[in-house]
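Participant: Sharing a structure, written as C-alpha cells. Questions coming.
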Amino acid sequence: MPNSRRANCYDYPQYWDLAFRSETKLEADFIEAASAKYCNFKASRLMEPGCGGGRLVVEMAARAYSVLGYDLSEPSVRYLEKRLARRKLRADVLTADMTTFVAKKPMDAAFCTFNTFRHLTTEDAARQHLECVAKSLRPGGIYILGFHLLPPDADEECIERWSAKHGKTKVTITLRVLNFDRQTRLEMIRFSLRVRSGQRDLKLKSDYQYRIYTAAQFHRLLVSVPQFELCDVYDFWYDIEDPLQLSNQLGDAVFILRKIA
465 MPNSRRANCY
475 DYPQYWDLAF
485 RSETKLEADF
495 IEAASAKYCN
505 FKASRLMEPG
515 CGGGRLVVEM
525 AARAYSVLGY
535 DLSEPSVRYL
545 EKRLARRKLR
555 ADVLTADMTT
565 FVAKKPMDAA
575 FCTFNTFRHL
585 TTEDAARQHL
595 ECVAKSLRPG
605 GIYILGFHLL
615 PPDADEECIE
625 RWSAKHGKTK
635 VTITLRVLNF
645 DRQTRLEMIR
655 FSLRVRSGQR
665 DLKLKSDYQY
675 RIYTAAQFHR
685 LLVSVPQFEL
695 CDVYDFWYDI
705 EDPLQLSNQL
715 GDAVFILRKI
725 A
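If you count by the numbering used here, then the sequence shown holds residues 465 to 725, one letter each, in order.
Structure (C-alpha cells):
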C-alpha cells in the first residue's frame, strides 16, 4: 500500500522537477532563441520568478549564463542550492515573493514558463508582478511568460495525467479541476503526485487555486502595464519560427513581453 498524505507538492521539489524534466532542454533552447531574436543585445543575465526546484536555473547556469532564481517555497530554494553545489554551478537563489521582488541589478531577460503566474489569483497581484519584472529588466529586456489560456469552449472538468522516470524513480502526476468559476475567474486544481522508488511508494495530494485568463482578459491586463509591449505569442511547442496570433483558439500560450526603452 502506498503511503498517502496531504502535503504541499512544492515541498517535494525533487519529484516535481522530475515530472517536468523532459521539457527542460526544449524550454532552455527557446529562452536562448527568444533572447537572440527579441533583444538587441547579447542576453547574459537571466531571472526566473517562481523557480521552484530550479531545473531551468540549473540548465541555464550550466550554459554559462548568470542566473537569478527566486521562489516563496523555502524547501524548493534549499533543494536548488544543493543541486547547484552538487554540480559545481553558480546562481543567485533566494526566497522572495513574485508580487514584490525587484532585482538589484538590471536583468537582460526573465522567464516563467509553465503556469506559475496563475498562482497570482487577483488582478492586482498579477499587475504588481508584471510591474516588478519590468523594474528588474534593462530597457529592451524581455519577459518570457507561459501559461494556459481558457478558450470559450474549454472543458471545465479537465483531467491530465503523465509519468516520468529517472533512474529507479518513477513519478506520476495527475491534475484534476475540482472547482471552476468563469465569473470569479478562479479554479481549484488538485495535484496528485505518486512516487515509486525502490521500496518506496508515496502519494502526495495538494489543492491549488489558479486565476483564469481568456486571451482578451490577459490582453487587458497587459494594457494596464505600459512598461511592456507584446512582441509575439507562441505555444508550448516552442517553435521560434512559428509565432501565433493571440486569439480564443489558443489553449497554451508563451508571451514575449519586451520592456519599452
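Just so it is clear, CB atoms sit at the ideal spot from N, CA and C, and this is done for glycine as well.
When you compare only the Cα positions, how much space is there between PRO570 and SER600?
Facilitator: To locate residue 570, count along the sequence shown from 1; it is residue 106. To locate residue 600, count along the sequence shown from 1; it is residue 136. In a straight line, the C-alpha of PRO570 is about 5 Å away from that of SER600.
Participant: Does the distance from the CB of VAL541 to the CB of MET511 come in under 9 Å?
Facilitator: Numbered from 1 along the sequence shown, position 77 holds the residue referred to as residue 541. Numbered from 1 along the sequence shown, position 47 holds the residue referred to as residue 511. Cβ atoms of VAL541 and MET511: not closer than 9 Å.
Participant: Around the C-beta of THR648, are 16 or more other C-beta atoms found within 10 angstroms, so that it is buried, or is it exposed?
Facilitator: Sequence index remark: in the sequence shown, residue 648 carries index 184 (1-based). Its Cβ having fewer than 16 others within 10 Å, THR648 is exposed.
Participant: What do you reckon, are the CB atoms on ILE720 and ASP696 nearer than 9 Å?
Facilitator: Numbered from its first residue, the sequence shown carries residue 720 at position 256. Numbered from its first residue, the sequence shown carries residue 696 at position 232. Yes; because the gap between Cβ atoms is below 9 Å, this pair is in contact.
Participant: Answer yes if the stretch 630 to 641 comes into contact with the stretch 589 to 609, meaning at least three C-beta pairs across the two stretches below 8 Å, and no otherwise.
Facilitator: Result no; under three Cβ-Cβ pairs closer than 8 Å.
Participant: Following the continuous beta strand (DSSP E) through TYR476, name the residue where it begins and the one where it ends.
Facilitator: Along the sequence shown, read from residue 1 onward, the residue named residue 476 stands at position 12. It is not in any beta strand (DSSP E) - TYR476 carries neither H nor E in the DSSP assignment.
Participant: Since I believe ILE653 is in contact with TYR674 (beta carbons under 8 Å), could you give me their beta-carbon distance rounded to a whole number of angstroms?
Facilitator: Working through the sequence shown from its first residue, we reach residue 674 at position 210. Working through the sequence shown from its first residue, we reach residue 653 at position 189. That pair is a contact at about 6 Å.
Participant: Tell me the DSSP bridge mates of PRO513?
Facilitator: Here residue 513 is taken as the residue at index 49 of the sequence shown, counted from 1. Under DSSP, PRO513 shares a beta bridge with TYR534.
Participant: Measure the C-alpha to C-alpha separation of ASP619 and ARG554 and round it to an integer number of angstroms.
Facilitator: Translated into positions along the sequence shown, residue 619 becomes position 155. Translated into positions along the sequence shown, residue 554 becomes position 90. The straight-line gap from Cα to Cα measures roughly 43 Å.
Participant: Can LEU548 and GLY518 be called in contact, C-beta distance under 9 Å?
Facilitator: Walking along the sequence shown from the start, residue 548 turns up at place 84. Walking along the sequence shown from the start, residue 518 turns up at place 54. Their beta carbons are under 9 Å apart, which means LEU548 touches GLY518 by this criterion.
Participant: How is the beta strand (DSSP E) around ALA525 delimited, first residue to last?
Facilitator: Taking the sequence shown and counting its residues from 1, the one referred to as residue 525 is at position 61. Here ALA525 belongs to no beta strand (DSSP E); instead the alpha helix (DSSP H) covers 519 to 526.
Participant: Buried or exposed, going by whether 16 or more other CB atoms sit within 10 Å of the CB of LYS506?
Facilitator: As a working mapping, residue 506 is identified with position 42 in the sequence shown. Exposed.
Participant: Following the continuous alpha helix (DSSP H) through ASP696, name the residue where it begins and the one where it ends.
Facilitator: As a first step, residue 696 is located in the sequence shown; it is residue number 232 there, counting from the start. Careful: ASP696 lies outside any alpha helix (DSSP H), inside the beta strand (DSSP E) at 692 to 698.
Participant: Compare the C-alpha of ARG660 against each of VAL689, ALA483 and ALA679 and name the closest.
Facilitator: The residue labelled residue 660 in the question sits at position 196 within the sequence shown. Of the listed residues, the one whose Cα sits closest to ARG660 is ALA483.
Participant: Alpha carbon to alpha carbon, how far is GLY533 from ASP556? Give it in angstroms, no decimals.
Facilitator: Indexing the sequence shown from 1 puts residue 556 at position 92. Indexing the sequence shown from 1 puts residue 533 at position 69. Answer to the nearest angstrom: the Cα atoms are 6 Å apart.
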